[in-house]
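The sequence shown begins at 1 in full-length UniProt numbering and counts up by one.
Backbone N, C-alpha and C fix where the C-beta goes; we use that ideal spot for every residue, glycine too.
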Amino acid sequence: MVEIPTKEQKYFIIDFDSTFTKVEAMDELGKISLQGNPKREDILREIHQVTELAMNGDISFSEALQRRVDLLKAHKDHLPELIAVLSGKVSDSFERNRDFLNEFADSILIISSGFREFIVPIVTALGIKPENVYANTFLFDDSGNIIGFDAENPLAKDKGKPELMRKLNLQGDVYVIGDGYTDYEIKEAGLANRFYAFTENVERGKVIANADHITPSLDEFLFVNKLPASLSYPKNRIKVLLLENIHPKAKELFQEQGFTVEMVKGALDEDELAERIRDVSVLGIRSKTQVTKKVLENANKLMCVGAFCIGTNQIDLKACQERGIVAFNAPYSNTRSVVELAIGEMIILMRQIVEKSNKMHRGEWDKSAIGSYEIRGKKLGLVGYGNIGTQLSVVAEALGMKVYYYDLVEKLALGNAQRCKTLHELLEICDVITLHTDGRKENVNLIGAKEFERMKDGVIFLNLSRGHIVDVPALVNAVKSGKVAGAAVDVFPYEPKTNNEEFINELRGLPNVLLTPHIGGSTEEAQENIANFVPGKLLDFINKGNTFGSVNFPNIQLPDLNDAHRMIHIHRNVPGILAQINSILANYHINIRGQYLNTREDVGYVITDIDKAYNKEVITELKNIAHTIKFRMLY
1 MVEIPTKEQK YFIIDFDSTF TKVEAMDELG KISLQGNPKR EDILREIHQV
51 TELAMNGDIS FSEALQRRVD LLKAHKDHLP ELIAVLSGKV SDSFERNRDF
101 LNEFADSILI ISSGFREFIV PIVTALGIKP ENVYANTFLF DDSGNIIGFD
151 AENPLAKDKG KPELMRKLNL QGDVYVIGDG YTDYEIKEAG LANRFYAFTE
201 NVERGKVIAN ADHITPSLDE FLFVNKLPAS LSYPKNRIKV LLLENIHPKA
251 KELFQEQGFT VEMVKGALDE DELAERIRDV SVLGIRSKTQ VTKKVLENAN
301 KLMCVGAFCI GTNQIDLKAC QERGIVAFNA PYSNTRSVVE LAIGEMIILM
351 RQIVEKSNKM HRGEWDKSAI GSYEIRGKKL GLVGYGNIGT QLSVVAEALG
401 MKVYYYDLVE KLALGNAQRC KTLHELLEIC DVITLHTDGR KENVNLIGAK
451 EFERMKDGVI FLNLSRGHIV DVPALVNAVK SGKVAGAAVD VFPYEPKTNN
501 EEFINELRGL PNVLLTPHIG GSTEEAQENI ANFVPGKLLD FINKGNTFGS
551 VNFPNIQLPD LNDAHRMIHI HRNVPGILAQ INSILANYHI NIRGQYLNTR
601 EDVGYVITDI DKAYNKEVIT ELKNIAHTIK FRMLY
């Protein structure tokens, strides 16, 4: 039993599986012990199902424990490998807060329905005292096989954790951190002040519903209880809002940092987003959500916006800049996916595959070469020669096409591609025309009735860029007249906000017209690439101040911060700001370790690394410099 030094003593009861570690140890033991077993995957699924039933309180714990031991077929020799695996699976927020675990070692108890044989080596490596670990113990036969457990241990029984807590008779405040219903039972029995549902690794609805507080990380628990945490500022208080069904990898990356993440499947309209944006520090969107001035006026804590796509015309970048909100996008991550879709659609349209397939489904056998062509030897016209246009140029040329391109900006031609001096020149000579321009206002209705008239009769036309670039009624007329023999459109002036809204457009029902729901970059590979790239940029800005790759801010790539404070000062681009910053630092005799400055249009960005020791009053003076937009400190 733990000694109680004072009545005011605080105790922290921490679960092991899926709390102290990211995984359930018995699941991991099964992966080891069942190697070579032909029914391994089926048995592992059953073990996991039994675990979940017990954690949700749907079956008795003693039953679940025995069923899992019977299924494992484990041996004593499997335990060292298990310990090695679990050592690499300690929850990130526990790894970050080793100092807390060591400093409060006398007050921290691990109470788990797992087994001491593998728990003690893991938790003691992070400072937990072995005598403060309460768990089950295995029973072995003479050959070392695990055949059961000590049935007399309270933790092997139903309501075992409350029973153990009664025996411990802790005198003081008790806080329980865990992910399972058995952890909540301690609070339910009146033996704890508060129960914290730990959701860093797993979320169980029934557990969350009974929690006093939902804690997405140990950082959150330490913050709300005013305990020392490794984080220099409350990262766990940073709220991330991800819209439009962004790949779950993004959520995982933000949660690893201790951020609170909310995901919404669809887009939000202006009023909805204006309401939801309050207290959000990081916003992630795709192409449908409009980040307007009205939305930004309600964004009281917003630090940065991530466009999980190429385009950023859906974001009011100027308004963001004026408020010190940094925006990033993913200019390269889905390039290959768009290129492959374009190539595929060219071939399908040139061969009239859709029309022939529809006839087959109606029972019509139309074996004919009329109107079907190879793409080899055809002239491909690229309107826009950026990341997508250049890669499409290379792939199309490899397939035997002759490539022409038009771009307002002088671009180096790749391969044998030829630059057209005017858009009209390109329209008049190409057999296939595909659009890959940006969404700037000047490009609205870039292709209209006059442009279609200049095209060859029977041209193949693709728009995988922006919906408002093409005058849709003009395209409809061009298809109906035969000027356009086939078209593929992936983007539209108006697009449904969710999959439940009907798509309404004049192009529906036209022959040899491919309509896709803005899926140019919607491949698993592209979305995962984007979900790695954009959070990486956002986290680099939050954690280090890096703005390299930002679409609306001065680009600065900063070195790592070592043994110093980093001050981030965003201000209006007027003369004298840097001088004022340095004058204040000089007045307080603060040594500058490094300083970085860049400006863009109306905004200036100054990063200053200073010695550890400084007068806190300096922060107030720096914030009060005229024309300051935002100021924050990284430790």
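For this session: Could you name the residues of the same chain whose beta carbon sits closer than 6 Å to that of Leu392, not counting the 5 residues immediately before and after it, in chain order?
Result: Within the sequence shown, numbered from 1, the residue matching residue 392 stands at position 392. Within the same chain, Leu392 has close Cβ partners Val339, Ala342.
Exercise. So Ile177 and Phe12 are in contact, right, with Cβ under 8 Å, and what is the actual spacing, rounded?
Worked result: Within the sequence shown, numbered from 1, the residue matching residue 177 stands at position 177. Within the sequence shown, numbered from 1, the residue matching residue 12 stands at position 12. Yes, they are in contact, since the Cβ atoms of Ile177 and Phe12 sit about 7 Å apart, within 8 Å.
Problem set entry | Met401, DSSP secondary structure in three states | In the sequence shown, residue 401 corresponds to position 401, counting from 1. Met401: coil per DSSP, three-state reduction.
For this session: State buried or exposed for Ser368, treating a residue as buried only when at least 16 other CB atoms are found within 10 Å of its CB.
Result: Within the sequence shown, numbered from 1, the residue matching residue 368 stands at position 368. The residue is exposed, with fewer than 16 neighbouring Cβ atoms inside 10 Å.
Exercise. Helix, strand or coil for Leu253 per DSSP?
Worked result: Numbered from 1 along the sequence shown, position 253 holds the residue referred to as residue 253. Residue state, collapsed to three classes: helix.
For this session: Compare the Cα-Cα distances from Asn512 to each of Thr137, Ser87, Asn56, Leu349 and report the closest residue.
Result: Residue mapping note: residue 512 aligns to position 512 of the sequence shown, counting from 1. For Asn512, the nearest C-alpha among the options comes from Leu349.
Exercise. Are the beta-carbon atoms belonging to Arg593 and Gln321 less than 9 Å from one another?
Worked result: Within the sequence shown, residue 593 is the residue found at index 593, counting from 1. Within the sequence shown, residue 321 is the residue found at index 321, counting from 1. It is not a contact, given that the beta carbons lie outside the stated cut-off.
Problem set entry | Selection from Thr620, Leu510, Leu109 that minimises the alpha carbon distance to Met633 | Along the sequence shown, read from residue 1 onward, the residue named residue 633 stands at position 633. Out of Thr620, Leu510, Leu109, Thr620 has the C-alpha closest to the C-alpha of Met633.
Exercise. Are the beta-carbon atoms belonging to Glu428 and Arg454 less than 9 Å from one another?
Worked result: Reading the sequence shown from its first residue, position 428 is the one you call residue 428. Reading the sequence shown from its first residue, position 454 is the one you call residue 454. Yes, these two residues count as a Cβ contact at 9 Å.
Exercise. Which whole runs of the alpha helix (DSSP H) in the region 464-508 are 4 residues long or more, in chain order?
Worked result: Here the runs fully enclosed are 472-481.
Exercise. Which stretch, first to last residue, makes up the beta strand (DSSP E) that contains Ile584?
Worked result: The count along the sequence shown starts at 1 and reaches residue 584 at position 584. First-last for Ile584: 577-587, but that is the alpha helix (DSSP H), not the beta strand (DSSP E).
Problem set entry | Rounded distance between the beta-carbons of Asp179 and Ser18, thought under 8 Å | Translated into the one-based positions of the sequence shown, residue 18 becomes position 18. Translated into the one-based positions of the sequence shown, residue 179 becomes position 179. At roughly 5 Å, the Cβ-Cβ gap stays under 8 Å, so Ser18 and Asp179 are in contact.
Exercise. Tell me, which residues are paired with Asn136 by DSSP?
Worked result: Here residue 136 refers to the residue found at position 136 of the sequence shown. Per DSSP, Phe115.
For this session: Would you list the residues sitting across from Glu262 in a DSSP beta bridge?
Result: Translated into positions along the sequence shown, residue 262 becomes position 262. Beta-bridge pairing links Glu262 to Leu241.
For this session: Measure from the alpha carbon of Leu507 to the alpha carbon of each residue in Glu524, Ser113, Ala478, Val240, then state which is nearest.
Result: Taking the first residue of the sequence shown as 1, we reach residue 507 at position 507. Looking at the Cα atoms, Ala478 is the closest of the given residues.
Exercise. Alpha carbon to alpha carbon, what distance is there between Pro130 and Ala579?
Worked result: Walking along the sequence shown from the start, residue 579 turns up at place 579. Walking along the sequence shown from the start, residue 130 turns up at place 130. Each residue's alpha carbon lies about 57 Å from the other.
Exercise. Whose CA, out of Met26, Leu82, Asn56, Ser112, lies closest to the CA of Ile43?
Worked result: Taking the first residue of the sequence shown as 1, we reach residue 43 at position 43. Checked all of Met26, Leu82, Asn56, Ser112; the closest Cα to Ile43 is Met26.
Exercise. Taking Phe259 as the reference, which of Val489, Ala189, Ser93, Gln290 has the closest Cα?
Worked result: As a position in the sequence shown, residue 259 is number 259, starting the count at 1. Among Val489, Ala189, Ser93, Gln290, the Cα nearest to that of Phe259 belongs to Ser93.
For this session: Measure the Cβ-Cβ separation of Ser107 and Gln255 and say whether it is below 9 Å.
Result: Locating residue 107 in the sequence shown gives position 107, where the first residue counts as 1. Locating residue 255 in the sequence shown gives position 255, where the first residue counts as 1. No, they are not a contact pair.
Problem set entry | For Ile542, the first and last residue of its enclosing beta strand (DSSP E) | Mapped onto the sequence shown, residue 542 falls at position 542. Careful: Ile542 lies outside any beta strand (DSSP E), inside the alpha helix (DSSP H) at 524-544.
For this session: Report the rounded CA-to-CA distance for Phe198 versus Pro248, giving the unit in angstroms.
Result: Taking the first residue of the sequence shown as 1, we reach residue 198 at position 198. Taking the first residue of the sequence shown as 1, we reach residue 248 at position 248. Straight-line Cα distance between these residues: approximately 19 Å.
Exercise. What separation, rounded to the nearest whole angstrom, lies between the Cα atoms of Gly148 and Leu101?
Worked result: Reading the sequence shown from its first residue, position 148 is the one you call residue 148. Reading the sequence shown from its first residue, position 101 is the one you call residue 101. The alpha-carbon separation between Gly148 and Leu101 amounts to approximately 32 Å.
For this session: Taking all protein chains shown into account, decide if Glu617 is buried (16 or more other Cβ within 10 angstroms of its Cβ) or exposed.
Result: Numbered from 1 along the sequence shown, position 617 holds the residue referred to as residue 617. So Glu617 ends up on the exposed side.
Exercise. Alpha carbon to alpha carbon, how far is Lys89 from Val23?
Worked result: Your numbering for residue 89 matches position 89 in the sequence shown. Your numbering for residue 23 matches position 23 in the sequence shown. Going by the C-alpha atoms only, they are around 7 Å apart.
Problem set entry | The beta strand (DSSP E) enclosing Met567, as first and last residue numbers | The residue labelled residue 567 in the question sits at position 567 within the sequence shown. That run of the beta strand (DSSP E) goes 565-572.
Exercise. DSSP state of Asn387, grouped into three classes?
Worked result: The sequence position of residue 387 within the sequence shown is 387, counting from 1. Reduced to three states, the DSSP call for Asn387 is helix.
Exercise. Can you name the residues that DSSP bridges to Lys379?
Worked result: Counting from 1 along the sequence shown, the entry for residue 379 is found at position 379. Paired residues: Lys402.
For this session: Keeping to the same chain, check which residues put their C-beta closer than 8 Å to that of Met401; ignore five residues upstream and five downstream.
Result: Numbered from its first residue, the sequence shown carries residue 401 at position 401. The answer, listed in chain order, is Ile375, Arg376, Gly377, Lys378, Lys379, Leu380, Val432.
Exercise. Are there 16 or more other CB atoms within 10 angstroms of the CB of Ile111, so buried, or fewer, so exposed?
Worked result: Position 111 of the sequence shown, counted from the first residue, corresponds to residue 111. Burial call: buried.
Problem set entry | Cβ pair Pro331, Ile310 closer than 9 Å | For this step, residue 331 is matched to residue 331 along the sequence shown. For this step, residue 310 is matched to residue 310 along the sequence shown. Contact: yes.
For this session: Return the bridge partner residues of Arg194 from the DSSP annotation.
Result: Locating residue 194 in the sequence shown gives position 194, counting from the first residue. Arg194 pairs with Tyr175.
For this session: Please report how far the alpha carbon of Ile277 lies from the alpha carbon of Lys239, in whole angstroms.
Result: Sequence index remark: in the sequence shown, residue 277 carries index 277 (1-based). Sequence index remark: in the sequence shown, residue 239 carries index 239 (1-based). Looking at the two C-alpha atoms, the distance is approximately 10 Å.
For this session: Determine which residues share a DSSP beta bridge with Asn145 and list them.
Result: Sequence index remark: in the sequence shown, residue 145 carries index 145 (1-based). Partner(s): His75.
Exercise. Name the DSSP bridge partner or partners of Phe328?
Worked result: Numbered from 1 along the sequence shown, position 328 holds the residue referred to as residue 328. According to DSSP, Phe328 bridges with Gly306.
Problem set entry | Same chain, Cβ closer than 8 Å to Glu117, five either side skipped, listed in chain order | For the purposes of this step, residue 117 is taken as the residue at position 117 of the sequence shown. These residues qualify, in order along the chain: Leu79, Thr137, Phe138.
For this session: Throw me the rounded Cβ distance for the Ile146 and Ile83 pair, which I believe falls under 8 Å.
Result: For this step, residue 146 is matched to residue 146 along the sequence shown. For this step, residue 83 is matched to residue 83 along the sequence shown. In fact, because the Cβ distance is near 14 Å, the residues do not count as touching under 8 Å.
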